[in-house]
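Chain order of the listed sequences is V and B.
Residue numbers for the first sequence follow the numbering used here, beginning at 1 and rising by one.
Residue numbers for the second sequence follow the numbering used here, beginning at 1 and rising by one.
Don't be surprised by glycine CBs; every beta carbon is placed ideally from N, CA and C.
Keep in mind that this is a model prediction, so the values were computed, not measured.
Before any comments, here is the structure.
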Amino acid sequence: MSDLIEEPVLVDLFGRIADDIPVPARGAEYAVDNIVNTTAPGRSDRARVVASVLAGAAVLAGIVLALSTLSTTSSSKSSSSARADAGPPRTTGGGRAVTDPSVPVDGAKIVKTGTLDLQVPHATLRLAVNRVTGVAVGLGGYVADSKTNYGSDPTAQITIRVPVARFENAITQLDALPDVKVLGESENGTDVTSQVADVQAQLAAATSERDALLVVLSRAQSIGDILSVRDRVTTAQAEVNQLQGRINLLDRQSTFSSLAVTLSERAASGAPAVHGRSGLAKAWWDARHGFTNVVEWLLARSGAALIIVLFALALLFGIRYLYPIVRRGLV
Amino acid sequence: MTDQGAVQEEWVRARYARTYRTAVLICGNPADAEEAVQDAFLRAWRFRDALPDDSRRDAWLYRVLVNACYSKLRKEIPRRERERVRISVDADVQNQHLTEASEQPDRVAERALTADALAATLHDLPDGLRVVVILRYYADLSEREIAIAIRRRPGTVKSRLHEARRRLAADARLAAYRPDAEVNAP
Numbered sequence: 001m002s003d004l005i006e007e008p009v010l011v012d013l014f015g016r017i018a019d020d021i022p023v024p025a026r027g028a029e030y031a032v033d034n035i036v037n038t039t040a041p042g043r044s045d046r047a048r049v050v051a052s053v054l055a056g057a058a059v060l061a062g063i064v065l066a067l068s069t070l071s072t073t074s075s076s077k078s079s080s081s082a083r084a085d086a087g088p089p090r091t092t093g094g095g096r097a098v099t100d101p102s103v104p105v106d107g108a109k110i111v112k113t114g115t116l117d118l119q120v121p122h123a124t125l126r127l128a129v130n131r132v133t134g135v136a137v138g139l140g141g142y143v144a145d146s147k148t149n150y151g152s153d154p155t156a157q158i159t160i161r162v163p164v165a166r167f168e169n170a171i172t173q174l175d176a177l178p179d180v181k182v183l184g185e186s187e188n189g190t191d192v193t194s195q196v197a198d199v200q201a202q203l204a205a206a207t208s209e210r211d212a213l214l215v216v217l218s219r220a221q222s223i224g225d226i227l228s229v230r231d232r233v234t235t236a237q238a239e240v241n242q243l244q245g246r247i248n249l250l251d252r253q254s255t256f257s258s259l260a261v262t263l264s265e266r267a268a269s270g271a272p273a274v275h276g277r278s279g280l281a282k283a284w285w286d287a288r289h290g291f292t293n294v295v296e297w298l299l300a301r302s303g304a305a306l307i308i309v310l311f312a313l314a315l316l317f318g319i320r321y322l323y324p325i326v327r328r329g330l331v
Numbered sequence: 001m002t003d004q005g006a007v008q009e010e011w012v013r014a015r016y017a018r019t020y021r022t023a024v025l026i027c028g029n030p031a032d033a034e035e036a037v038q039d040a041f042l043r044a045w046r047f048r049d050a051l052p053d054d055s056r057r058d059a060w061l062y063r064v065l066v067n068a069c070y071s072k073l074r075k076e077i078p079r080r081e082r083e084r085v086r087i088s089v090d091a092d093v094q095n096q097h098l099t100e101a102s103e104q105p106d107r108v109a110e111r112a113l114t115a116d117a118l119a120a121t122l123h124d125l126p127d128g129l130r131v132v133v134i135l136r137y138y139a140d141l142s143e144r145e146i147a148i149a150i151r152r153r154p155g156t157v158k159s160r161l162h163e164a165r166r167r168l169a170a171d172a173r174l175a176a177y178r179p180d181a182e183v184n185a186p
């Protein structure tokens, strides 16, 4: 420690050289002017914070959207590749385009429904049900109803709801499930735009009438008048509720299309010739088939979880790296 | 002038000279230092009310200043081309020295030599060491305040200070200031 220059000496040395550095005569004045001219009630700060937050949100939204698209694409590719592995391609009863369907751009409300009758290999009904569920979830939808029978004649009726814009995509993906034969298929689309407008007009009229009746009720003097008007208010309110319910229903139907999927198993004799294999060939086929099924199931089930995890990672990244940048920008 | 304006002016004027000289010592040239200081005062003022006491406010001011200086050091000019802090470059200071020289020529000459030696030694220090030693021995910040200013742990500040002092002491140009020197500098 004795080799070091002592602190008081250093303070003195630094003071001496610094004191000889000339200070701009008007520097402090300029600094004050800068502060006065550019710190108008913190508006710029808020604008920068808002801009930073919006930019961050846009980046995250872009990541989520990209991942969602990627997930859908990979799911479709996975199904296609699995199908290629499984054997010769099957007919699907129509050359459907795989591209996303056109979405109404004029604000039209379309209610889409459809049915799909699929036949799956023997003893694979449970797996097929999982795959159908996976397709619905992967497209941002859900299973609205499900009835399965794994008895002597295994069948399943599943109603899935998927966003209208992805209805065609859902059918395409279900058609492309491995080892599935399409027995029947139907689609129906109804434009309910005018119906919605009509019901909305009725709702407005009913609401006005109810409100007017409420005013009358508030001014009623006699018991008879009160009872009479109250009954009419109750009737008007019921009509309002009913109309609002219809609007809500049409909104839901035009937001999520409904697809009824019927699954049935082929007879045992119709199963692939795998049972005819033996030894290493059979073991290899079983292993490959099992691996593919498990991976597909995991991908289908983990779609949403994967996005959440990636979103959380993006958020952590934002907090760790973007926040200091934003903070530095404010300082 | 409003009360707020008076507070701003008082706050800036009380700190301007020391802050500016600190910036010159760190940046190595007056032009960069002036820009860094103006930027630092502006930014530090925005957060002034959010900080509880003058000590932390000053630490925050120096933090902004150090960032601004680092930014200048990174993008302006390569280190080897940086101008050394030479107190004799300014004409006014030269005149002042000449005036003093007529009275105490030996002392003024020694003073200039000391300043040159320290400036040269400082110039040779890495940025990380130079900044902490300037903040400690010129800006008079505590180790904790320096830690805030350079966004490092107090332990890091302590070790950097020790290393900087070791290097200053090892420099032959400042040998006269070591405790074991026979004749200490004035």
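Same chain, Cβ closer than 8 Å to residue i, neighbours up to 5 away in sequence not counted
{"i": "V/D145", "result": "Q157, I158, T159"}
{"i": "B/D180", "result": "none"}
{"i": "V/S258", "result": "K112, T113, G114, A144, T159, I160, R161"}
{"i": "B/D58", "result": "R15, L141, E145"}
{"i": "B/K158", "result": "E143"}
{"i": "V/A57", "result": "none"}
{"i": "V/T73", "result": "At V/T73 the pLDDT is 48, less than 50, meaning the model places this residue with poor confidence; the figure from the coordinates comes in the next sentence. Once the five neighbours on either side are set aside, V/T73 has no close Cβ partner at all."}
{"i": "V/L139", "result": "T72, V162, P163, R166, N169, A170, Q173"}
7 Å CB neighbourhood of residue i in its chain, flanking five on each side removed
{"i": "V/T133", "result": "V143"}
{"i": "B/L174", "result": "A117, L118, T121, L168"}
{"i": "V/R90", "result": "Low local confidence applies: a pLDDT of 38 at V/R90 is under 50, so the model's placement there is unreliable, with the coordinate-based value given in what follows. Taken in chain order, the residues that qualify are K181."}
{"i": "B/F47", "result": "W60"}
{"i": "V/A281", "result": "none"}
Neighbourhood of residue i by C-beta, 6 Å cutoff - its chain only, sequence neighbours within 5 removed
{"i": "V/G189", "result": "I110, K112"}
{"i": "B/R130", "result": "L122"}
{"i": "B/Y70", "result": "none"}
{"i": "B/S171", "result": "Correcting the residue type first, residue 171 of chain B is Asp in the shown sequence and not Ser. Same-chain partners within the cutoff: T121."}
{"i": "V/A220", "result": "I226, V229"}
Chain-ordered chain D contacts of residue i [CB-CB under 8 Å]
{"i": "B/Y16", "result": "Within the model displayed, chain D is absent; protein chains V and B are what it includes."}
CB of residue i within 8 Å of CB of residue j, strictly
{"i": "V/V261", "j": "V/L65", "result": "no"}
{"i": "B/R136", "j": "B/I146", "result": "yes"}
{"i": "B/L65", "j": "B/T114", "result": "no"}
{"i": "V/V240", "j": "V/T207", "result": "yes"}
{"i": "V/L116", "j": "V/I171", "result": "yes"}
{"i": "V/V164", "j": "V/T292", "result": "no"}
{"i": "V/P154", "j": "V/L125", "result": "yes"}
{"i": "V/A300", "j": "V/R131", "result": "yes"}
{"i": "V/I226", "j": "V/L217", "result": "yes"}
{"i": "V/A236", "j": "V/R210", "result": "yes"}
{"i": "B/L61", "j": "B/A36", "result": "no"}
{"i": "V/V9", "j": "B/Y177", "result": "yes"}
{"i": "V/P24", "j": "B/E34", "result": "yes"}
{"i": "B/R166", "j": "V/L4", "result": "yes"}
{"i": "B/R21", "j": "V/A18", "result": "yes"}
Of the listed residues the options, nearest to residue i (C-alpha basis)
{"i": "B/P154", "options": "B/V132, B/E10, B/E35", "result": "B/V132"}
{"i": "V/Y335", "options": "V/Y30, V/D12, V/E265", "result": "Here chain V has residues from 1 to 331 only, and residue 335 of chain V is not among them."}
{"i": "B/Q8", "options": "B/R43, B/L25, B/Y20, B/A36", "result": "B/R43"}
{"i": "B/L161", "options": "B/E143, B/A176, B/A170", "result": "B/E143"}
{"i": "V/H289", "options": "V/S152, V/N34, V/L183, V/P121", "result": "V/P121"}
{"i": "V/N37", "options": "B/W45, B/V157, B/V37", "result": "B/W45"}
{"i": "V/P178", "options": "V/G56, V/R301, V/E296, V/R210", "result": "V/E296"}
{"i": "B/R63", "options": "B/E10, B/I148, B/A164", "result": "B/I148"}
{"i": "V/I63", "options": "V/R320, V/L306, V/L213, V/V233", "result": "V/L306"}
{"i": "B/A164", "options": "B/W60, B/D124, B/R152, B/Y177", "result": "B/D124"}
{"i": "V/T332", "options": "V/L280, V/A108, V/V23, V/D175", "result": "Any question about residue 332 of chain V goes unanswered here, given that chain V covers just 1 to 331."}
{"i": "V/S152", "options": "V/E239, V/N130, V/A267", "result": "V/A267"}
{"i": "B/D127", "options": "B/A40, B/A23, B/Y177, B/F41", "result": "B/A23"}
{"i": "B/R74", "options": "B/D39, B/A172, B/A40, B/I26", "result": "B/I26"}
{"i": "V/E185", "options": "V/A220, V/A287, V/R16, V/L263", "result": "V/L263"}
{"i": "V/R252", "options": "V/L127, V/G141, V/A281, V/W284", "result": "V/G141"}
{"i": "V/V215", "options": "V/A136, V/V233, V/A283, V/G279", "result": "V/V233"}
Discussion item. Whether or not the region 30-49 of chain B and the region 307-321 of chain V are in contact is what I'm after, with contact meaning three or more pairs of Cβ atoms, one per stretch, closer than 8 Å; do they touch?
Written reply: No: fewer than three Cβ pairs fall under 8 Å.
Discussion item. To test your reading of the DSSP string, which unbroken alpha helix (DSSP H) runs of 4 or more residues are found completely within the region 26-66 of chain B?
Written reply: Fully enclosed alpha helix (DSSP H) runs of no fewer than 4 residues occupy 30-46 of the region 26-66 of chain B, in order along the chain.
Item to complete: At 4 residues or longer, and completely inside the region 208-257 of chain V: list those alpha helix (DSSP H) runs for me, N to C.
Response: Positions of the alpha helix (DSSP H) runs, each at least 4 residues long and wholly inside the region 208-257 of chain V, are given as 223-255 in order along the chain.
Discussion item. If we require 4 or more residues per run, which alpha helix (DSSP H) segments fall completely within the region 138-207 of chain V?
Written reply: Runs found: 167-175.
Discussion item. Using 8 Å as the cut-off, can you tell me whether the region 229-247 of chain V makes contact with the region 193-200 of chain V, which would need three or more C-beta pairs spanning the two stretches below that distance?
Written reply: Contact between the region 229-247 of chain V and the region 193-200 of chain V is present, because at least three Cβ pairs lie under 8 Å.
Item to complete: Check whether the region 11-19 of chain B touches the region 21-35 of chain V, counting contact only when three or more Cβ pairs, one atom from each stretch, lie closer than 8 Å.
Response: Taking a contact to require three or more Cβ pairs closer than 8 Å, the region 11-19 of chain B and the region 21-35 of chain V qualify as touching.
Practice prompt. Let me know the alpha helix (DSSP H) ranges lying completely inside the region 125-156 of chain B, each 4 residues or longer, listed in chain order.
Written response: The qualifying runs are 127-137, 143-150.
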